[in-house]
Amino acid sequence: MREGIWLSVIHIHGLYRLEGEVEIQGSKNAVLPVMAASVLHKGTVRISNVPEIQDVFCMMEILKLLGCVCVFRDHVLEICTEGVRPVRIPDSCCKSMRSSIMLLGPLLGRFREARVSHPGGCSIGKRPVDLHLLALEALGARTHVEGESITAQALGLTGNRVELAFPSVGATENLLMAAAAAEGTTRVEGAAMEPEIVVLCRFLKALGAGVRGEGTGVVEITGRKESRGLVEFSVPGDRIVAGTYLGAVLGAGGDVVLRGAPVSQMARVQTLVRAAGGEIRTLPGEAGLCIRQRQRARPFSLSTGPYPRFPTDLQSVMLAVASVADGRSQIRETVFEERFATAKELQKMGAHIIIEDNTAYVTGRDCLEGCLVKAGDLRGGAALVVAGLAARGETVISGYPYIRRGYEDICRDLAGLGARISLEGQETNCEEENGSF
Ligand code: UD1
Numbered sequence: 000m001r002e003g004i005w006l007s008v009i010h011i012h013g014l015y016r017l018e019g020e021v022e023i024q025g026s027k028n029a030v031l032p033v034m035a036a037s038v039l040h041k042g043t044v045r046i047s048n049v050p051e052i053q054d055v056f057c058m059m060e061i062l063k064l065l066g067c068v069c070v071f072r073d074h075v076l077e078i079c080t081e082g083v084r085p086v087r088i089p090d091s092c093c094k095s096m097r098s099s100i101m102l103l104g105p106l107l108g109r110f111r112e113a114r115v116s117h118p119g120g121c122s123i124g125k126r127p128v129d130l131h132l133l134a135l136e137a138l139g140a141r142t143h144v145e146g147e148s149i150t151a152q153a154l155g156l157t158g159n160r161v162e163l164a165f166p167s168v169g170a171t172e173n174l175l176m177a178a179a180a181a182e183g184t185t186r187v188e189g190a191a192m193e194p195e196i197v198v199l200c201r202f203l204k205a206l207g208a209g210v211r212g213e214g215t216g217v218v219e220i221t222g223r224k225e226s227r228g229l230v231e232f233s234v235p236g237d238r239i240v241a242g243t244y245l246g247a248v249l250g251a252g253g254d255v256v257l258r259g260a261p262v263s264q265m266a267r268v269q270t271l272v273r274a275a276g277g278e279i280r281t282l283p284g285e286a287g288l289c290i291r292q293r294q295r296a297r298p299f300s301l302s303t304g305p306y307p308r309f310p311t312d313l314q315s316v317m318l319a320v321a322s323v324a325d326g327r328s329q330i331r332e333t334v335f336e337e338r339f340a341t342a343k344e345l346q347k348m349g350a351h352i353i354i355e356d357n358t359a360y361v362t363g364r365d366c367l368e369g370c371l372v373k374a375g376d377l378r379g380g381a382a383l384v385v386a387g388l389a390a391r392g393e394t395v396i397s398g399y400p401y402i403r404r405g406y407e408d409i410c411r412d413l414a415g416l417g418a419r420i421s422l423e424g425q426e427t428n429c430e431e432e433n434g435s436f
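Letter by letter, the sequence shown follows residues 0 to 436 of numbering that gives the first Met the number 0.
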């Protein structure tokens, strides 16, 4: 689990325009729940367009501990789930990846019992799981939290009407996965509407569940008996990676094609890019997006929120863009209370950011100043890369393992667009540098 962690730093020489074409990797937030839901199946699941990122490797390790056989080659992941057992997932796995909580629903569904460790807090704020547990209880499970340990057990699972107090993505996913193995129909009100929920429902349908209303606030799911044999599935492009590269072009200027960007999932992001002065258009057949940014970005206002609002995962990237926009921008974070931590690092680069409660007021400068900064979380790390591209001189970013959690090779992608960016360092087993969460 710990090997292959890179104690590496990213070096960027900024102020070069980005030109060319980049292929957008498969979606992290779509593939992880699909991997977890695979344990509901007895047979083989073959998933294509799987990104080669640390979170996928970590989820594979968890699946192996549960008895799955996983083979991952050329972005195709095959999971054989015949030998799965409901063993307790060790703390170390749960700590290194929050998504391990996603196994609660599917393990409960298949074995009527599941044991994981609390994913804990992380650098972007509190990550409670109360809604996950309440949802599973509504299907008849008993849940128990003792210290770090979370147990869910049920004699039987029965479909029910469940109302979520907040459209939590994780709680909706856990509930749908357990409900796919319950007797009867579950009606989820206040469900999350994220595209990743739609992808998960598509997968649950492939396993035989009946699903209606996915992508809306009310989803109905009817449990299925058992699925066997081979199930093939493909995940879409990653809307957050595509949004990160749109942000890179807004900040550094340029003319770029994002092949494989999931156009229909990015309406709100495209609106914001236009507000910031970017010219954006869709490739024929919705095969991706093109963006052109000729002048300095215009200032903008945004507020994050559950889909279809602006994604919290792109808030830090837009903080970096606002730092070089031509005026005063305003960014409100409504999902994770501590997600402005990246502002401190951007300030070291000369950004003018004032934070009051859940709002950042940013007065843009011509360009930032390269210096030594540290990524403290996945998307914050990507934001520092975007800032480095719009900074004079050299930016050196440590904390690369955080970025590797979700970006296959951010340096390869941006260097392919003409950025002066490279990864320098060596492989190590150093635990503290592993980017958990
Ligand atoms: C969140 C994002 C998702 C993103 C993912 C990875 C939202 C709504 N969700 O999903 O788009 O891809 O992070 O960064 O933007 N909460 C509770 N109790 C719970 C669960 C959540 O109070 O049991 C609260 C959290 O404190 C937080 C909010 O709900 O304020 C968002 O939670 P949720 O959608 O569950 O988070 P993730 O599933 O991690």
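Where is the CB? At the ideal position from N, CA and C, for every residue including glycine.
If you draw a straight line from the C-alpha of residue i to the C-alpha of residue j, how long is it?
| i | j | result |
| --- | --- | --- |
| S7 | Y399 | 6 Å |
| F71 | V395 | 32 Å |
| L229 | F202 | 13 Å |
| V128 | R223 | 26 Å |
| R160 | A113 | 22 Å |
| E332 | D412 | 28 Å |
| V262 | E145 | 43 Å |
| A437 | I9 | With the chain running from 0 to 436 in the structure shown, residue 437 is simply not present. |
| A296 | D365 | 10 Å |
| E344 | G277 | 25 Å |
| G42 | S167 | 30 Å |
| A374 | A386 | 12 Å |
| E407 | I23 | 10 Å |
Buried or exposed: where does residue i fall if 16 or more other Cβ atoms within 10 Å of its Cβ makes it buried?
| i | result |
| --- | --- |
| D73 | exposed |
| G242 | buried |
| D376 | buried |
| S300 | exposed |
| H131 | buried |
| V255 | buried |
| A319 | buried |
| A164 | exposed |
| H143 | exposed |
| E2 | Model confidence at E2 stands at a pLDDT of 40, short of 50, so the residue's coordinates are unreliable; what they give is reported in the following sentence. Under this definition E2 is an exposed residue. |
| L17 | buried |
Under 7 Å from any heavy atom of the ligand UD1, does the C-beta of residue i make it?
| i | result |
| --- | --- |
| R327 | no |
| F339 | no |
| P127 | yes |
| N173 | no |
| G169 | yes |
| D312 | yes |
| H131 | yes |
| E193 | yes |
| F202 | no |
| F299 | no |
| N357 | no |
| F309 | no |
| P261 | no |
| P305 | yes |
Among the options, which one has its Cα closest to the Cα of residue i?
| i | options | result |
| --- | --- | --- |
| T171 | Y401, P105, A251, L257 | P105 |
| G253 | M59, I330, G415, E81 | G415 |
| G369 | A390, V268, L174 | A390 |
| T221 | A342, G146, R211 | R211 |
| S98 | C69, L154, A29 | A29 |
| E193 | D312, L107, A286, R111 | D312 |
| F56 | L271, S302, L76, V38 | L76 |
| R227 | L388, Y306, G82 | G82 |
| V115 | R126, L371, L102 | L102 |
| F232 | E285, E219, C200, N173 | C200 |
| Q314 | G326, L288, V240, L65 | V240 |
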